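S.K.: Numbering-wise, this note's numbering puts 172 at position 119 of the sequence shown, and it's gapless, one number per residue. Beta carbons: idealized from backbone N, C-alpha and C, even for Gly. A quick note: this is a predicted structure, and the numbers were derived from the prediction, not measured. Okay, here's the structure, questions in a sec.
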Amino acid sequence: MTIDVLVVGGGPVGLAAAIEARLAGLSVTVLEPRATPVDKACGEGLMPGAVAALARLGVDPTGHRLTGIRYLSGTRVADHLFATSHGRGVRRTTLQAALARRADELGAQIVTGKAGDVEQDADSISCAGIRARWLLACDGLHSPVRRGLGLEVASRAHAGRRYGIRRHFRVAPWADLVEVHWGRDVEAYVTPVDDDVVGVALLGPPHRDYEDTLDAFPDLRRHLAGAPTIGPVRGAGPLRQRTSARTAGRVRLVGDASGYVDALTGEGVRVGLAQAHAAIATLGPDVATANAQYERAWTRATRSYRVLTSGLLAAAGSPLRGGIVPLAAATPRLYGSIVERLAR
């Protein structure tokens with residue numbers, strides 16, 4: 054029997070794609086090698102747009118209300134409170150479990166296994182012994198499906214590659230905002246995810262010791278003084294991933310697998326959910342037409358993220374880095390408009 058959609062990858066974006074498929078009346082199977090929930094390095098801050106997108110899917114994960122974004126560098130502080138609604142800090146495991154419950158409730162089939170080779174003809178694809186009309190590769194930053202299809206663009210330079218490492222601390226949040234502490238070449242993201250838990254993610258060059266790097270942020274260290282750690286340090290990277298296309302016949306790349314700039318603006322989940330919606334909404338009988346529609350929808354869904362994140366990343370890697378927080382503090386309307394553009 055041929056199903057409508059095979060989703061490779063049971064992370065948040067893959068599960069969201071499965072939910073979208075079921076809401077559209079399509080049969081769907083999710084292929085994931087690991088047991089749910091899977092913990093991975095993630096900033097865990099959901100922008101207001103991501104919270105709204107999850108609500109549309111019937112998903113309402115527990116977490117901590119986020120009222121805005123705060124940039125800090127030395128004595129300089131720039132705050133922006135979200136204009137219309139709140140974000141939410143949510144443990145990745147909590148988010149994935151909530152999405153898995155909703156997918157199961159709607160009748161999505163979740164099976165354990167690895168994708169392996171993908172074969173396709175004019176009418177269907179075949180992968181891991183499953184035949185489907187379409188395959189959505191939601192298998193993450195280092196997508197094996199993307200690599201196997203030849204859609205990956207190799208990075209030319211190793212210099213400038215960035216990685217993320219994250220750990221949780223048992224401490225009451227001292228603010229209802231995502232804090233971004235700007236260091237010399239590392240950013241520390243603090244996200245409240247519960248009434249007594251914060252996650253601290255460090256973004257920067259590779260081969261950094263977590264605790265030693267955290268020492269470069271004395272104000273943050275004081276907030277965390279004596280706080281027990283929860284779980285191990287988890288890492289991800291390199292973060293920058295480029296693709297030559299998001300489609301190959303009946304296969305579509307969705308989420309981080311489709312290309313990634315950086316976690317600097319903290320909106321990966323929002324963009325991934327928008328891609329999952331577009332990937333299902335643009336399915337159609339003519340493959341070439343449907344894929345052209347998805348490529349256009351992908352471009353629209355990711356444009357703000359790609360442009361603004363690339364611009365901020367370029368500034369962060371230049372002599373302008375030290376002026377980012379002072380500029381944000383001195384131009385609150387400009388800073389706020391950028392945050393709102395990314396948050397929606």
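1) Compare the Cα-Cα distances from T296 to each of V198, G376, G370 and A316 and report the closest residue.
2) For the stretch 324-344 against the stretch 198-208, do three or more pairs of beta-carbon atoms, one drawn from each stretch, fall closer than 8 Å, so that the two count as touching?
3) For the alpha helix (DSSP H) containing E393, list its first residue and its last residue.
4) What span of residues does the beta strand (DSSP E) with E172 cover, start to end?
5) For A408, which residues in the same chain have their Cβ closer than 6 Å to its Cβ, ignoring the five residues on either side in sequence?
6) With respect to the beta strand (DSSP E) encompassing S138, which residues constitute its N-terminal and C-terminal limits?
7) Please classify W227: is it buried, with 16 or more other beta-carbons within 10 angstroms of its beta-carbon, or exposed?
8) Per DSSP, Q162 is paired with what?
9) Roughly how many angstroms separate the alpha carbons of A108 and L256, rounded to a whole number?
10) If I'm right that V58 touches L79 with Cβ under 8 Å, what's the distance once you round it to whole angstroms?
11) Less than 7 Å between the beta carbons of G217 and A289, yes or no?
12) Secondary structure at W227, three-state DSSP: helix, strand or coil?
13) Rounded to the nearest angstrom, how far is the Cβ of T266 from that of V239, given a contact under 8 Å?
14) Could you compute how far the alpha carbon of G337 sits from the alpha carbon of V251?
15) How close, in whole Å, do the beta carbons of M100 and G140 come, if the pair is a contact with beta carbons under 8 Å?
16) T335: which of W351, V322 and E320 sits nearest, CA to CA?
17) If you draw a straight line from the C-alpha of A103 to the C-alpha of R323, how long is it?
18) Which residue from G193, R219, V171 and D192 puts its Cα closest to that of A185?
19) Count the other CB atoms, across all protein chains shown, that sit within 10 Å of the CB of H260; report buried if there are 16 or more and exposed otherwise.
20) Just to confirm my understanding: we take R223, look at its own chain, exclude 5 residues before and 5 after, and list those with CB closer than 7 Å. What are they?
21) Keeping to the same chain, check which residues put their C-beta closer than 8 Å to that of T300; ignore five residues upstream and five downstream.
22) Of the choices R129, P271 and V304, whose alpha-carbon is the least far from that of G203?
23) Would you give the residue range spanned by the alpha helix (DSSP H) that H276 belongs to?
24) Looking at C-alpha atoms only, which residue of D339, A331 and E320 is the closest neighbour of H358?
M.R.: On the basis of the coordinates in this document:
1) As a first step, residue 296 is located in the sequence shown; it is residue number 243 there, counting from the start. The candidate whose alpha carbon is nearest that of T296 is V198.
2) Output reads no: the stretch 198-208 does not touch the stretch 324-344.
3) Along the sequence shown, one-based indexing puts residue 393 at 340. Note, E393: alpha helix (DSSP H), P385 to A396.
4) Numbered from 1 along the sequence shown, position 119 holds the residue referred to as residue 172. Per DSSP, E172 belongs to the beta strand (DSSP E) from V171 to Q173.
5) Since the first residue of the chain shown is 54 and the last is 397, residue 408 is not available in this structure.
6) Taking the sequence shown and counting its residues from 1, one reaches residue 138 at position 85. Element bounds for S138: n/a, residue is neither H nor E.
7) As a first step, residue 227 is located in the sequence shown; it is residue number 174 there, counting from the start. By the 10 Å Cβ count, W227 comes out exposed.
8) On the sequence shown, position 109 is the one that residue 162 refers to. Answer is T82, bridged to Q162.
9) Working through the sequence shown from its first residue, we reach residue 108 at position 55. Working through the sequence shown from its first residue, we reach residue 256 at position 203. Between A108 and L256, the C-alpha separation is close to 29 Å.
10) The residue you call residue 58 lines up with position 5 of the sequence shown. The residue you call residue 79 lines up with position 26 of the sequence shown. The Cβ separation is near 5 Å, so the contact holds.
11) Here the question's residue 217 lines up with position 164 in the sequence shown. Here the question's residue 289 lines up with position 236 in the sequence shown. Yes; because the gap between Cβ atoms is below 7 Å, this pair is in contact.
12) In the sequence shown, the residue the question calls residue 227 occupies position 174. Coil, per DSSP.
13) Position 213 of the sequence shown holds residue 266. Position 186 of the sequence shown holds residue 239. T266 to V239, Cβ: 6 Å. Contact.
14) Residue 337 sits at position 284 when you count from the first residue of the sequence shown. Residue 251 sits at position 198 when you count from the first residue of the sequence shown. Using only the alpha carbons, I get a separation of about 43 Å.
15) Here residue 100 is taken as the residue at index 47 of the sequence shown, counted from 1. Here residue 140 is taken as the residue at index 87 of the sequence shown, counted from 1. Between the beta-carbon of M100 and that of G140 there is about 5 Å, and that keeps the pair under the 8 Å contact cut.
16) Mapped onto the sequence shown, residue 335 falls at position 282. Closest option to T335, Cα to Cα, is W351.
17) The sequence position of residue 103 within the sequence shown is 50, counting from 1. The sequence position of residue 323 within the sequence shown is 270, counting from 1. Approximately 4 Å between the Cα atoms of the pair.
18) For the purposes of this step, residue 185 is taken as the residue at position 132 of the sequence shown. Nearest option by C-alpha distance: V171.
19) Along the sequence shown, one-based indexing puts residue 260 at 207. The residue in question, H260, is exposed, as its Cβ has fewer than 16 Cβ neighbours within 10 Å.
20) Position 170 of the sequence shown, counted from the start, is the residue given in the question as residue 223. Only residues of its own chain outside the window of five on either side were considered, and among them D249, V250, A280, P281 and I283 have a CB closer than 7 Å to the CB of R223, listed in chain order.
21) Stepping through the sequence shown from its first residue, residue 300 is reached at position 247. If we look at T300 and ignore the five residues flanking it on each side, its Cβ neighbours are L306, N344, Y347 and E348.
22) For this step, residue 203 is matched to residue 150 along the sequence shown. If we check each option's Cα against that of G203, V304 comes out closest.
23) In the sequence shown, the residue the question calls residue 276 occupies position 223. Its alpha helix (DSSP H) spans residues P271 to L277.
24) Residue mapping note: residue 358 aligns to position 305 of the sequence shown, counting from 1. In the sequence under discussion, the amino acid at residue 358 is Tyr, which differs from the His named in the question. If we check each option's Cα against that of Y358, E320 comes out closest.
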